[in-house]
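Structure record follows, encoded as structure tokens.
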Amino acid sequence: MKTDLSSGEWQTESSISLPKVSVVVPIYNEVESLPALIEAIATSLHQKALRYEIICVDDGSQDGSALLLKRLAHSRRDLKAVLLRRNYGQTAAMAAGFNHAQGVVIVTLDGDLQNDPADIPQLIAKLEEGYDLVSGWRQSRQDATLTRLIPSKLANWLISWVTGVKLHDYGCSLKAYRSELIQDMRLYGELHRFLPALAFIEGANITELPVRHHPRQYGQSKYGLGRTFRVLMDLLTIAFIKTFLTRPMHVFGLFGLISMVVGTLLGLYLTFLKLGLGESIGNRPLLILTVVLLIAGVQLFSFGLLAELSMRTYHESQGRPIYRVREVIAPGSQS
Ligand code: UDP
Ligand code: MG
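Next comes the structure, spelled out in structure tokens:
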């Protein structure tokens with residue numbers, strides 16, 4: 053059920069001690085940035101008098117980030133450190149952070165100070181206007197042009213087109229979510245950048261907001277051009293999920309059926325030529341086409357049936373309903 057962020061309704065007896073905002077930061081070899089980062093997040097949220105927690109997830113760093121986080125978490129009340137056993141990648145680190153977050157709002161950002169924690173309050177303010185997800189848009193992005201900016205422009209255009217969620221900057225980690233939205237989603241691969249698209253599939257209201265971006269001060273970027281390929285593969289997965297999640301048979305069954313019908317008609321025509329008119333059909337390309345169409349038709353059809361089965365398993369094994377409720381207004385309830 054939707055929580056009204058602005059009315060203070062989330063401040064019920066049982067939730068009074070819980071933080072309102074959970075800031076989730078994946079950390080992989082960012083030891084130099086950490087102290088300034090945590091200070092900047094705390095300052096930004098203190099200014100707005102928001103109850104918050106910072107959740108830093110160490111993704112198997114080898115540069116002492118984990119040790120430093122552990123020390124900081126012992127000395128600060130607003131910091132929770134989640135240390136992963138090895139390097140799993142940014143998406144997994146974020147998912148771990150989500151699982152430990154208690155706030156009704158979750159904010160994510162990078163641990164390298166490229167995103168500016170001072171932007172967090174305005175993202176939350178936007179969320180309070182009634183959105184489920186607010187995505188940052190790095191209008192003047194400070195990264196290499198050839199390896200980062202150009203592939204990113206193409207990728208954003210492509211992702212917007214395929215998913216139907218038009219955003220300028222999918223890659224921006226600085227985003228704010230209502231946590232109930234996050235709890236509904238499962239993350240795999242490098243899917244964190246597609247969270248807006250996944251959220252849209254779950255029926256979320258999404259918007260974007262220009263945010264600042266700074267050049268990396270310490271350490272190195274963990275990614276290069278190779279990420280473009282992985283992002284493209286993930287995009288295919290998303291497109292697939294979006295189309296086939298509930299009724300795969302509608303798509304595969306249709307193509308299978310068309311293929312089988314055309315194949316059968318051609319087969320009948322060839323049979324007529326052979327038996328009726330006594331013509332030789334053995335050397336005709338049409339015969340090959342007929343056979344291919346028939347086989348492809350059966351394959352598509354049975355694939356559709358199998359896909360139906362696995363979709364059912366997918367939904368039921370996770371207890372996922374095929375719909376999402378935004379709000380239920382019971383008779384006599386106050387709001
Ligand atoms: N990161 C992570 N695990 C990884 C790679 C990266 O947790 O395997 C974190 C990294 O510490 C940073 C964020 O993900 O906080 C984004 O990484 P990076 O800044 O290298 O990406 P870029 O900003 O260059 O796209
Ligand atoms: Mg970065």
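If you count by the working numbering, then the sequence shown holds residues 53 to 387, one letter each, in order. Ideal Cβ placement from N, Cα and C applies to all residues, glycine included.
Beta-bridge pairing of residue i - partner residues as DSSP gives them
| i | result |
| --- | --- |
| Ile388 | Any answer about residue 388 is impossible in this case: the structure gives the chain only from 53 up to 387. |
| Pro373 | BP columns for Pro373 are empty, so no partner. |
| Ile158 | Ser74, Tyr229 |
Own chain partners of residue i with C-beta closer than 7 Å, once the 5 adjacent residues on each side are dropped
| i | result |
| --- | --- |
| Ala148 | Val109, Val134, Leu136 |
| Pro195 | What sits at residue 195 in the sequence shown is Asp, not Pro. Leu201, listed in sequence order. |
| His302 | none |
| Lys294 | Thr215, Ile253 |
| Ile333 | Leu322, Leu325, Lys326, Leu339 |
| His152 | Ile107, Lys132, Val134 |
| Phe355 | Phe304 |
Reduced DSSP category for residue i - H, G, I as helix; E, B as strand; rest coil
| i | result |
| --- | --- |
| Pro248 | helix |
| Ile347 | helix |
| Glu65 | With a pLDDT of 44 at Glu65, under the threshold of 50, the predicted position of this residue should be treated as unreliable, and no value is reported. |
| Val283 | helix |
| Val186 | strand |
| Pro388 | Since the displayed the chain opens at 53 and closes at 387, residue 388 lies outside it and no answer follows. |
| Asn167 | strand |
| Gln194 | coil |
| Ala144 | helix |
| Tyr270 | coil |
| Leu239 | coil |
| Lys218 | coil |
| Gly315 | helix |
| Val303 | helix |
| Ile381 | coil |
| Ile333 | coil |
| Ala88 | helix |
| Ser113 | coil |
| Gly308 | helix |
| Lys205 | helix |
| Tyr275 | coil |
| Asn81 | coil |
| Glu368 | helix |
| Asn151 | helix |
Sequence-distant residues of its chain with Cβ nearer than 8 Å to residue i (five each side left out)
| i | result |
| --- | --- |
| Gly330 | none |
| Leu327 | none |
| Glu242 | Gly141, Gln142, Thr143, Arg279, Arg282, Val283, Asp286 |
| Phe246 | Ile211, Thr215, Tyr222, Asp286, Leu287, Ile290 |
| Val350 | Gly308, Met312 |
| Asn208 | Leu219, His220, Asp221, Tyr222, Gly223 |
| Thr199 | Gly276, Leu277 |
| Ser66 | Its pLDDT being 45, under 50, Ser66 is placed unreliably in this model, and the coordinates cannot settle the point. |
| Leu346 | Ser311, Met312, Gly315, Thr316, Gly319 |
Short Cβ contact (8 Å threshold) for residue i with residue j
| i | j | result |
| --- | --- | --- |
| Gln174 | Leu261 | yes |
| Gly163 | Leu89 | yes |
| Tyr270 | Glu84 | yes |
| Phe304 | Ala348 | no |
| Leu339 | Leu322 | yes |
| Gln166 | Arg268 | yes |
| Ser132 | Ile172 | Looking at the sequence shown, residue 132 is not Ser but Lys. In this structure, Ile172 does not lie closer than 8 Å to Lys132 by Cβ. |
| Leu297 | Met363 | yes |
| Ile176 | Val314 | no |
| His244 | Arg193 | no |
| Leu357 | Thr342 | no |
6 Å CB neighbourhood of residue i in its chain, flanking five on each side removed
| i | result |
| --- | --- |
| Ser204 | Gly223 |
| Ala291 | Val214 |
| Asp184 | Arg230, Leu233, Ala256, Asn257 |
| Ala145 | Pro78, Val109, Asp111 |
| Ala118 | Asp110, Leu135 |
| Pro169 | Ala92, Ile93, Ser96 |
| Thr259 | Tyr183, Val186 |
**Request:** Please write down, chain order preserved, every residue whose beta carbon lies under 7 Å from a heavy atom of the ligand MG.
**Result:** Asp162, Asp164, Gln166, Arg268, Ser273
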